[in-house]
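Enquirer: Got a structure for you, questions after.
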Amino acid sequence: SGDKTVRIWSMDSGETLHIPEGARGQSWGGAWSADGALLAVGAGDRMVRIWNADAGDLLHTLSCESNSWVRSLSFSPGGQYLAAGAGGGTLRVFNVASGAVVQRANRRH
């Protein structure tokens, strides 16, 4: 939003449901899990945060190990993995349940 916070709004009423914990500063990319239960956001602090969307609880703060902003995020179809891409060709795949990195790639175009 304009005040540099991540917000979860009600689609029915348009009211803010949650301002998730730790969701401050510029955000560059976001993704919802297929079931809508999880929200992942890449931020200007070079971290990825994953929240429980219903409660707004922070589940993980993850590092892409990059010197650039996290700009692209995508959950796997089943929601067990999250791919995060940052500038400079950095890609990390995280296990959503544990927060562990399960795949690393560093490639430049």
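No gaps in the numbering here: position 100 of the sequence shown is 100 in full-length UniProt numbering, and each next residue is one more.
Note that the Cβ used here is the ideal one computed from N, Cα and C, for glycine as well.
Please return the same chain residues whose Cβ sits closer than 7 Å to the Cβ of G36, not counting the five positions on each side in sequence.
Expert: Same-chain partners within the cutoff: A53.
Enquirer: In chain order, what are the residue ranges of uninterrupted beta strand (DSSP E) at least 3 long that sit wholly in the UniProt repeat "WD" (70–104)?
Expert: Taking only runs of at least 3 residues, the beta strand (DSSP E) segments lying wholly in the UniProt repeat "WD" (70–104) are 70–75, 81–86 and 90–95.
Enquirer: Between the Cα of L38 and those of L91, A100, L82 and G87, spot the shortest distance and give me the residue it belongs to.
Expert: Of the listed residues, the one whose Cα sits closest to L38 is L82.
Enquirer: On the premise that R46 lies in contact with S68, defined as a C-beta separation below 8 Å, what is that separation, rounded to the nearest angstrom?
Expert: S68 to R46, Cβ: 7 Å. Contact.
Enquirer: So, W28 versus G44, is the Cβ gap smaller than 8 Å?
Expert: For W28 and G44, yes; Cβs fall inside 8 Å.
Enquirer: Go through its chain and collect everything with a Cβ distance to E21's Cβ below 8 Å, but skip five positions before and after it.
Expert: These residues qualify, in order along the chain: W51, G56, D57 and L58.
Enquirer: What first and last residue would you give for the beta strand (DSSP E) that runs through I50?
Expert: Looking at the DSSP string, the run of the beta strand (DSSP E) that includes I50 is M47 to N52.
Enquirer: Compare the beta carbon distance of V93 and Q80 with 8 Å and say whether it is the shorter of the two.
Expert: Their beta carbons are not under 8 Å apart, which means V93 does not touch Q80 by this criterion.
Enquirer: Following the continuous beta strand (DSSP E) through A40, name the residue where it begins and the one where it ends.
Expert: Element bounds for A40: L38 to A43.
Enquirer: So, H60 versus R71, is the Cβ gap smaller than 8 Å?
Expert: No, Cβ-Cβ distance for H60 and R71 is not below 8 Å.
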